[in-house]
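Here the sequence shown stands for residues 4 to 363, where the numbers follow the working numbering.
By construction, the Cβ of each residue, glycine as well, lies at the ideal position given by its N, Cα and C atoms.
Since the model is a prediction, treat every value here as computed from it, not as a measurement.
A quick write-up on the structure given underneath.
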Amino acid sequence: MDIMPIRRIDHVRFFVSNAKQAAYFYRTMFGFNVVAYAGLETGVRHEASYVLQQNDIRFVLTAPYKADHPKIDWLVKHGDGVCDIAFEVDDVVRAYSEAVRRGARGAQEPTVLKDDDGEVHIASIHTYGDVVHTFINRDRYRGVFMPGFKEMFIPGEPIGVYEIDHIVGNVELGKMNYWVDFYRSIMGFELLVHFSDDDISTEYSALMSKVVQDGRGKIKLPINEPAEGRRKSQIEEYLEYNSGPGVQHIALLTDDIISTMRHLRARGMQFIYVPQTYYEEVPRRVGTIEEDLRAIAELGILVDRDEEGYLLQTFTKTVQDRPTLFFEIIQRKGSRGFGKGNFKALFEAIEREQAMRGNL
Ligand code: FE2
4 MDIMPIRRID
14 HVRFFVSNAK
24 QAAYFYRTMF
34 GFNVVAYAGL
44 ETGVRHEASY
54 VLQQNDIRFV
64 LTAPYKADHP
74 KIDWLVKHGD
84 GVCDIAFEVD
94 DVVRAYSEAV
104 RRGARGAQEP
114 TVLKDDDGEV
124 HIASIHTYGD
134 VVHTFINRDR
144 YRGVFMPGFK
154 EMFIPGEPIG
164 VYEIDHIVGN
174 VELGKMNYWV
184 DFYRSIMGFE
194 LLVHFSDDDI
204 STEYSALMSK
214 VVQDGRGKIK
224 LPINEPAEGR
234 RKSQIEEYLE
244 YNSGPGVQHI
254 ALLTDDIIST
264 MRHLRARGMQ
274 FIYVPQTYYE
284 EVPRRVGTIE
294 EDLRAIAELG
304 ILVDRDEEGY
314 LLQTFTKTVQ
324 DRPTLFFEII
334 QRKGSRGFGK
344 GNFKALFEAI
354 EREQAMRGNL
């Protein structure tokens, strides 16, 4: 039995220092529409929030107005980043009490938010670091997003991403299994894959990763921890600059990665550099693919194949000054994996960036 039936990832909330400018970045770069706003003009006195939407992907960007904001310390500690991965559920009270009964730490007790358009039910629990999971249900709400928000429409030019494929968390050395067990016992997730430090190691550093997914197989949450290596691993660098665990990357699904990448490149998004030598190996390693290999190489797209098919993926550089959060663009052609064959090439590329920051 699915102890925690989750309909979908409802939204991902980012806590940022300037939501107006962050909304501009996500709209012009990734092509999100700005669809709703909350702030002083809508009667919300302590923070401004923008809701951004592209197909099934919804981001909420929230910034505090003043130093007395209850979560101001969060920003000083972590900088701009993901503070909430919110799940839409049938029954918020049930999801919350089930999670807490199984040992989750509550962050917000079940609450009903009301206005003239109806009611929205929310509650939240803590997960790794200072990230929370909000449970939300808006079946009895006709308004935009939730009470406090007003419609605001600023269209973006879409780039073809339509759904969140997975969201990765980085946790401290020795804590990966703790958080895997958390998702299994508290949320009823199951272990999907395990990558050992042999799978994910370079000359300098290593990491370990396990992927958990929800009962319906829709939500995939990989958890990384650093492993012993000769130099500082990319996970250790993250943990240092994020002052602890947090969300490392969000993977966005596209049906046409070449088109998505052309848009992103044209708009100036920076990606992890993939050496041309990587592409000399591709035909031998993955065999024939439908895409034009020249375009793949020109755009710096990585390719991997497993028994079920292949996938194409790319990784942005970090999207804020701190070397913390970044994005993945992924297209699946049958493969349900995570690009294991790319790990070594990818991590060597990430280490080149890390070395440029003086952190390797
Ligand atoms: Fe990923």
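How many Å lie between residue 437 and residue 287 at the Cα?
Missing from the structure shown is residue 437; the chain here goes from 4 to 363 and no further.
Name the one or two DSSP bridge partners that residue 359 has.
The sequence position of residue 359 within the sequence shown is 356, counting from 1. In the DSSP assignment, no residue is bridged to residue 359.
Alpha carbon to alpha carbon, how far is residue 82 from residue 100?
Here residue 82 refers to the residue found at position 79 of the sequence shown. Here residue 100 refers to the residue found at position 97 of the sequence shown. Roughly 31 Å between the two C-alpha positions.
Spatially closest choice to residue 301 from 157, 279, 54 and 209, by CA coordinates:
On the sequence shown, position 298 is the one that residue 301 refers to. For residue 301, the nearest C-alpha among the options comes from 279.
Classify residue 144 as buried or exposed, calling it buried when 16 or more other Cβ atoms lie within 10 Å of its own Cβ.
On the sequence shown, residue 144 is found 141 positions in, with the first residue counted as 1. With 16 or more other Cβ atoms within 10 Å, it is buried.
How big is the Cα-Cα spacing for residue 139 and residue 260?
Reading the sequence shown from its first residue, position 136 is the one you call residue 139. Reading the sequence shown from its first residue, position 257 is the one you call residue 260. Taking the straight line from one Cα to the other gives about 31 Å.
Grab the span of the alpha helix (DSSP H) containing residue 40 for me, first residue to last.
Walking along the sequence shown from the start, residue 40 turns up at place 37. Careful: residue 40 lies outside any alpha helix (DSSP H), inside the beta strand (DSSP E) at 36-41.
Is the beta carbon of residue 357 sitting closer than 9 Å to the one on residue 334?
Within the sequence shown, residue 357 is the residue found at index 354, counting from 1. Within the sequence shown, residue 334 is the residue found at index 331, counting from 1. At least 9 Å separates the beta-carbon of residue 357 from that of residue 334.
Of all the options 142, 320 and 92, which has the alpha carbon lying nearest to the alpha carbon of residue 122?
On the sequence shown, residue 122 is found 119 positions in, with the first residue counted as 1. Nearest of 142, 320 and 92 to residue 122, Cα basis: 142.
Which of the three DSSP states is assigned to residue 269 in this structure?
Numbered from its first residue, the sequence shown carries residue 269 at position 266. Helix at residue 269.
Would you check if the distance between the CB atom of residue 55 and the CB atom of residue 67 is smaller than 9 Å?
Within the sequence shown, residue 55 is the residue found at index 52, counting from 1. Within the sequence shown, residue 67 is the residue found at index 64, counting from 1. Inclusion of residue 55 and residue 67 in the CB contact set at 9 Å is not warranted, their separation being larger than that value.
Which whole-angstrom value describes the C-beta separation of residue 171 and residue 225, a residue pair presumed to lie in contact below a C-beta threshold of 8 Å?
Taking the sequence shown and counting its residues from 1, the one referred to as residue 171 is at position 168. Taking the sequence shown and counting its residues from 1, the one referred to as residue 225 is at position 222. Taking a contact as a CB-CB distance under 8 Å, the pair residue 171 and residue 225 counts as one, their CB atoms being some 5 Å apart.
Where does residue 221 sit, in a helix, a strand or coil, going by DSSP?
In the sequence shown, the residue the question calls residue 221 occupies position 218. In the structure shown, residue 221 falls within a coil segment according to DSSP collapsed to helix, strand and coil.
Any heavy atom of ligand 1 closer than 8 Å to the Cβ of residue 252?
Counted from its first residue, the sequence shown places residue 252 at position 249. Correct: residue 252 has its Cβ closer than 8 Å to ligand 1.
Residue burial classification, residue 345 (beta-carbon count within 10 angstroms, cutoff 16):
Along the sequence shown, one-based indexing puts residue 345 at 342. Flag for residue 345 reads buried.
Ignoring anything shorter than 3 residues or poking outside the segment 25-83, list the beta strand (DSSP E) runs there in chain order.
Listed in chain order, the beta strand (DSSP E) elements of length 3 or more contained wholly in the segment 25-83 are 36-41, 50-57 and 60-67.
Within 8 Å, do at least three Cβ pairs link the segment 321-335 to the segment 205-214?
Touching, no, given that fewer than three Cβ pairs across the two stretches are closer than 8 Å.
Using a Cβ-Cβ cutoff of less than 6 Å, which residues in the same chain neighbour residue 146 once the five nearest sequence positions on both sides are dropped?
By 1-based counting over the sequence shown, the position of residue 146 is 143. Closer than 6 Å at the Cβ level, and outside the excluded window around residue 146, lie 120.
Span of the beta strand (DSSP E) around residue 137:
Taking the first residue of the sequence shown as 1, we reach residue 137 at position 134. Run containing residue 137: 135-140, per the beta strand (DSSP E) assignment.
Return the Cβ separation of residue 106 and residue 249 in integer angstroms, given the expectation that the two are a contact with Cβ distance under 8 Å.
For the purposes of this step, residue 106 is identified with residue 103 of the sequence shown, where counting begins at 1. For the purposes of this step, residue 249 is identified with residue 246 of the sequence shown, where counting begins at 1. In this structure residue 106 is not in contact with residue 249, their Cβ atoms being roughly 21 Å apart against a cut-off of 8 Å.
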